[in-house]
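Heads up: the protein sequence lines correspond to chains A and B, in order.
Using UniProt numbering, you'd call the opening residue of the first sequence number 1 and step up by one each time.
Using UniProt numbering, you'd call the opening residue of the second sequence number 1 and step up by one each time.
Please read the structure below before turning to the comments.
Protein chains: 2
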Amino acid sequence: MRKRATAKEVAEAAGVSKWTVIRAFTPGASITEASRQKVLQAAEALNYSPNLLARSLATNVTHQVAVFVDDFANPHKLPVLEMLTERLQAEGLLTVLININRHFDHVHALINADQRQFDAVILFGTAFREETLGDRRLGPDFPPMFVLARDSQIPGVPAIACNAELALSQVVDYLFDKGYRRPGFMTGARTLSTALGRRHHYANFWRRKGVESVIELNADRYSADAGAEAARAYLSATPPPSRVDVLMCENDILALGAMDTARSEFGCRVPQDLAVVGFDNIELGATPTYGLTTYEQPTYEMINTIVEMITGARAVEAVTLPGHLVPRLSA
Amino acid sequence: MRKRATAKEVAEAAGVSKWTVIRAFTPGASITEASRQKVLQAAEALNYSPNLLARSLATNVTHQVAVFVDDFANPHKLPVLEMLTERLQAEGLLTVLININRHFDHVHALINADQRQFDAVILFGTAFREETLGDRRLGPDFPPMFVLARDSQIPGVPAIACNAELALSQVVDYLFDKGYRRPGFMTGARTLSTALGRRHHYANFWRRKGVESVIELNADRYSADAGAEAARAYLSATPPPSRVDVLMCENDILALGAMDTARSEFGCRVPQDLAVVGFDNIELGATPTYGLTTYEQPTYEMINTIVEMITGARAVEAVTLPGHLVPRLSA
DNA sequence: TTGTAGGCGTTATCAA
DNA sequence: TTGATAACGCCTACAA
Numbered sequence: 001m002r003k004r005a006t007a008k009e010v011a012e013a014a015g016v017s018k019w020t021v022i023r024a025f026t027p028g029a030s031i032t033e034a035s036r037q038k039v040l041q042a043a044e045a046l047n048y049s050p051n052l053l054a055r056s057l058a059t060n061v062t063h064q065v066a067v068f069v070d071d072f073a074n075p076h077k078l079p080v081l082e083m084l085t086e087r088l089q090a091e092g093l094l095t096v097l098i099n100i101n102r103h104f105d106h107v108h109a110l111i112n113a114d115q116r117q118f119d120a121v122i123l124f125g126t127a128f129r130e131e132t133l134g135d136r137r138l139g140p141d142f143p144p145m146f147v148l149a150r151d152s153q154i155p156g157v158p159a160i161a162c163n164a165e166l167a168l169s170q171v172v173d174y175l176f177d178k179g180y181r182r183p184g185f186m187t188g189a190r191t192l193s194t195a196l197g198r199r200h201h202y203a204n205f206w207r208r209k210g211v212e213s214v215i216e217l218n219a220d221r222y223s224a225d226a227g228a229e230a231a232r233a234y235l236s237a238t239p240p241p242s243r244v245d246v247l248m249c250e251n252d253i254l255a256l257g258a259m260d261t262a263r264s265e266f267g268c269r270v271p272q273d274l275a276v277v278g279f280d281n282i283e284l285g286a287t288p289t290y291g292l293t294t295y296e297q298p299t300y301e302m303i304n305t306i307v308e309m310i311t312g313a314r315a316v317e318a319v320t321l322p323g324h325l326v327p328r329l330s331a
Numbered sequence: 001m002r003k004r005a006t007a008k009e010v011a012e013a014a015g016v017s018k019w020t021v022i023r024a025f026t027p028g029a030s031i032t033e034a035s036r037q038k039v040l041q042a043a044e045a046l047n048y049s050p051n052l053l054a055r056s057l058a059t060n061v062t063h064q065v066a067v068f069v070d071d072f073a074n075p076h077k078l079p080v081l082e083m084l085t086e087r088l089q090a091e092g093l094l095t096v097l098i099n100i101n102r103h104f105d106h107v108h109a110l111i112n113a114d115q116r117q118f119d120a121v122i123l124f125g126t127a128f129r130e131e132t133l134g135d136r137r138l139g140p141d142f143p144p145m146f147v148l149a150r151d152s153q154i155p156g157v158p159a160i161a162c163n164a165e166l167a168l169s170q171v172v173d174y175l176f177d178k179g180y181r182r183p184g185f186m187t188g189a190r191t192l193s194t195a196l197g198r199r200h201h202y203a204n205f206w207r208r209k210g211v212e213s214v215i216e217l218n219a220d221r222y223s224a225d226a227g228a229e230a231a232r233a234y235l236s237a238t239p240p241p242s243r244v245d246v247l248m249c250e251n252d253i254l255a256l257g258a259m260d261t262a263r264s265e266f267g268c269r270v271p272q273d274l275a276v277v278g279f280d281n282i283e284l285g286a287t288p289t290y291g292l293t294t295y296e297q298p299t300y301e302m303i304n305t306i307v308e309m310i311t312g313a314r315a316v317e318a319v320t321l322p323g324h325l326v327p328r329l330s331a
């Protein structure tokens, strides 16, 4: 197994010192065009390119960003990952996708991110409580962290997210104008602060409209299955006259599951018997089958904001951005 | 900004040499329990952990695997990515997710993977023609490459995929037994060899059943939208009596789009007027709304096979694995 | 078991 | 502009 050519080898082949080779590969270094060409030719012949590992060790910059994800059931993650990787790559940054699960938890992943000297860590839709760290400290040498599409409970770790208060006020205004008066809300994971936040704002704005009670349904995770199950439990326990007239779900995938069950198992017409609202605007919600009314987060703006913070083009601070309502037929 | 503690600093604090520190962090190194404890205490106090970058430079092993993806429209990618990252992480390998697009092509990504010394490169659902490399060589020092869930056109790069011939024979047997006789096939991207392969086998097995003609529809990419559009074009150009009675789509997301359009825009009952079959078995296909008959690839086995090859637990060679038919109501 | 040299391939800095 | 010395933090190999 032949090894990669090194700057030293190229130097010998080109008859210069290895530092001249380095300069030929350093944009804006002072080197004559003659030496530069000599080096580039030798490099080409030896198939040389700089070893980024060694460079990172010397510069303390890896150009790698870790992205933590702990929920792969929501199809919405995929287009966001696409945008995120593309935007990062445009800045010369690669994405290390880290699957947070019970075998590989946040602490484990954070230590790893530290040891590998990632330039930044993005908690995408994930968050952990500070206590989880135990007595382990995240030193000042630690990669900067950001929370994407969630609020942050960790002091010093800014969240870049959709403005939930604005979002839910828009949703409730819309629903109220449409004439709905008996609202329900389905959460995915009961403990998540984002869930609590959305539910809280939802209930709050209904209250301002004079509607005091919001029925709460709980799915235990974020998937169509879980949404279906939660809807089934509610609908089979509640006779039609006392049912909610509009069900907002914490995200689209729950909403699709709920809508499926309501229609096929309980014969509900949507939106006449039960209106449904989601959150995220996933592709399948737009199909004529579902026609899901939903709320779209400003995904690109959020990603762009984080990337600018990572590259230093922008001050690091928590930011919430406005999204927009996507009205369709389901509500 | 304080820097990370180094082995040398820990050594001074513990009153040993830095090599002893290294040994304390090397499983199976010869070191007395006493020194070991001394070192670990000092390390704890200084919040030390080995710098993986430096280790990689010295050992030529990064424990990072690049995964190339060029199609984020198919929701099926997500559960596969979940499994893949989990399985890799279980082996101590991190996943670098690389978005192949027109701003960042295969060659670019491969050079990068080489420079960063990734332990392996997985082409997930992506492939490129060897000519794309131009005169650039992939030296023997280059990270081993694997093609996942696709066939490989590159000599020396093994494909680990579902057995397409078996899959389509099972599908056609099933459809024939159900009484269908006028088959259609919808491809996503016309140029892809996988598409050609599936279509080829599909047509082939129908021929063996005595059905000579398979109508071909073409979507220009893999998304519900594209599937809907292709279906729309076909259905509006073809009066009911001359339409196919069963439409197999190259993957589920196309199938869902096609089914939506057939039902809502052309009033087709599925499967009575038009039966639909997909490929992948994505979560939403299982909902009562779609009830999509589909074919499930042996995802876990494929992933496991690749990971074993990467870790050296298994000989490197092309492998095709059997999947299984998932019959539902749509066909 | 422990300490010592030398090397991994780059970058930073200074001298020529 | 170019060459040289030192450093990045670790590992391998060898000697004590």
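Built from N, CA and C at the ideal position, the CB exists for glycine as well.
Bear in mind that the values here come from a model prediction, so they are computed numbers and not experimental data.
At which residues does the alpha helix (DSSP H) containing residue i begin and terminate?
{"i": "Glu9/B", "result": "Ala7 to Ala14"}
{"i": "Asp177/B", "result": "Ala164 to Asp177"}
{"i": "Lys38/A", "result": "Glu33 to Leu46"}
{"i": "Ala228/A", "result": "Ala224 to Ala237"}
{"i": "Leu77/B", "result": "Per the sequence shown, the amino acid found at residue 77/B is Lys instead of Leu. Start and end: Lys77 to Ala90."}
With distances taken from CA atoms, which of the options is nearest residue i?
{"i": "Ala258/B", "options": "Ala237/B, Thr287/B and Ala226/B", "result": "Ala226/B"}
{"i": "Leu321/A", "options": "Asn281/A, Arg23/A and Thr299/A", "result": "Thr299/A"}
{"i": "Met248/A", "options": "Ala233/A, Gln37/A, Phe266/A and Asn218/A", "result": "Asn218/A"}
{"i": "Leu78/B", "options": "His63/B, Val61/B, Leu97/B and Val65/B", "result": "Leu97/B"}
{"i": "Ile215/A", "options": "Val157/A, Arg198/A, Leu196/A and Met186/A", "result": "Met186/A"}
{"i": "Phe266/A", "options": "Ala228/A, Trp19/A, Phe72/A and Gly92/A", "result": "Ala228/A"}
{"i": "Thr85/A", "options": "Val307/A, Ala54/A, His103/A and Asn60/A", "result": "Val307/A"}
{"i": "Leu256/B", "options": "Arg232/B, Ser236/B and Glu9/B", "result": "Arg232/B"}
{"i": "Thr20/B", "options": "Ser35/B, Arg102/B and His103/B", "result": "Ser35/B"}
{"i": "Glu89/A", "options": "Leu325/B, Arg102/B, Leu81/B and Ala167/B", "result": "First, the residue type needs correcting, since residue 89/A is Gln and not Glu in the sequence shown. Measuring from the Cα of Gln89/A, the nearest candidate turns out to be Arg102/B."}
{"i": "Thr95/B", "options": "Ile122/B, Asn74/B and Asp105/B", "result": "Ile122/B"}
{"i": "Asp71/B", "options": "Asn204/A, Glu301/A, Val80/A and Ser236/A", "result": "Val80/A"}
{"i": "Phe146/B", "options": "Ala159/B, Leu138/B and Pro155/B", "result": "Ala159/B"}
{"i": "Gln68/A", "options": "Pro75/A, Ala127/A, Gly278/A and Asp114/A", "result": "Reading off the sequence shown, one finds Phe at residue 68/A, where the question assumed Gln. It is Ala127/A."}
{"i": "Val171/A", "options": "Ile100/A, Val157/A and Val246/A", "result": "Val246/A"}
{"i": "His106/B", "options": "Gln115/B, Arg207/B, Arg129/B and Ser213/B", "result": "Arg129/B"}
{"i": "Asp280/A", "options": "Tyr295/A, Asp273/A, Val270/A and Cys268/A", "result": "Tyr295/A"}
{"i": "Gln64/A", "options": "Ala113/A, Pro75/A, Ala24/A and Gly28/A", "result": "Ala113/A"}
{"i": "Ile253/B", "options": "Ala73/B, Val16/B and Pro155/B", "result": "Ala73/B"}
{"i": "Thr261/A", "options": "Ala7/B, Leu284/B and Arg263/B", "result": "Leu284/B"}
{"i": "Ala66/A", "options": "Phe142/A, Pro75/A and Ala42/A", "result": "Phe142/A"}
Per DSSP, residue i is paired with what?
{"i": "Gly28/B", "result": "In DSSP, Gly28/B forms no bridge with anything."}
{"i": "His324/A", "result": "Glu296/A"}
{"i": "Ala159/B", "result": "Val147/B"}
{"i": "Cys249/B", "result": "Met186/B"}
{"i": "Phe68/A", "result": "Ile98/A and Leu123/A"}
{"i": "Ile306/A", "result": "None, per the DSSP bridge assignment."}
{"i": "Phe128/A", "result": "The partner list for Phe128/A (beta bridge, DSSP) is empty, contrary to what the question assumes."}
{"i": "Phe118/A", "result": "Beta-bridge pairing links Phe118/A to no other residue."}
{"i": "Val319/A", "result": "Ile160/A"}
{"i": "residue 335/B", "result": "Absent from the model: residue 335/B. The displayed extent of chain B is 1 to 331, so no value can be given."}
Strictly under 8 Å for the Cβ-Cβ distance: is residue i near chain B by that measure?
{"i": "Arg4/A", "result": "yes"}
{"i": "Met1/A", "result": "Confidence in Met1/A is poor, its pLDDT being 44 and thus under 50, which makes the residue's placement unreliable; the coordinate value appears in the next sentence. Output row for Met1/A: interface = yes."}
{"i": "Arg116/A", "result": "yes"}
{"i": "Ile111/A", "result": "yes"}
{"i": "Ser56/A", "result": "yes"}
{"i": "His106/A", "result": "no"}
{"i": "Gly267/A", "result": "no"}
{"i": "Pro170/A", "result": "Looking at the sequence provided, one finds Gln at residue 170/A rather than Pro. No, its Cβ sits nowhere closer than 8 Å to a Cβ of chain B."}
{"i": "Leu53/A", "result": "yes"}
Quick one: is residue i near chain A, going by C-beta distance under 8 Å?
{"i": "Ala189/B", "result": "no"}
{"i": "Lys77/B", "result": "yes"}
{"i": "Val316/B", "result": "no"}
{"i": "Glu22/B", "result": "Just to set this straight, residue 22/B is Ile in the shown sequence, not Glu. Not closer than 8 Å to any Cβ of chain A, the Cβ of Ile22/B fails to qualify, so no."}
Starting from residue i and walking both ways along the beta strand (DSSP E), at which residues does that stretch end?
{"i": "Val277/B", "result": "Ala275 to Val277"}
{"i": "Asn218/B", "result": "Ile215 to Asn218"}
For the ligand COA, I want to know if residue i counts as a neighbour, meaning its beta carbon is within less than 7 Å of at least one of the ligand's heavy atoms.
{"i": "Met83/A", "result": "Summarising the ligand content, the structure contains no ligands, and the ligand COA is consequently not present."}
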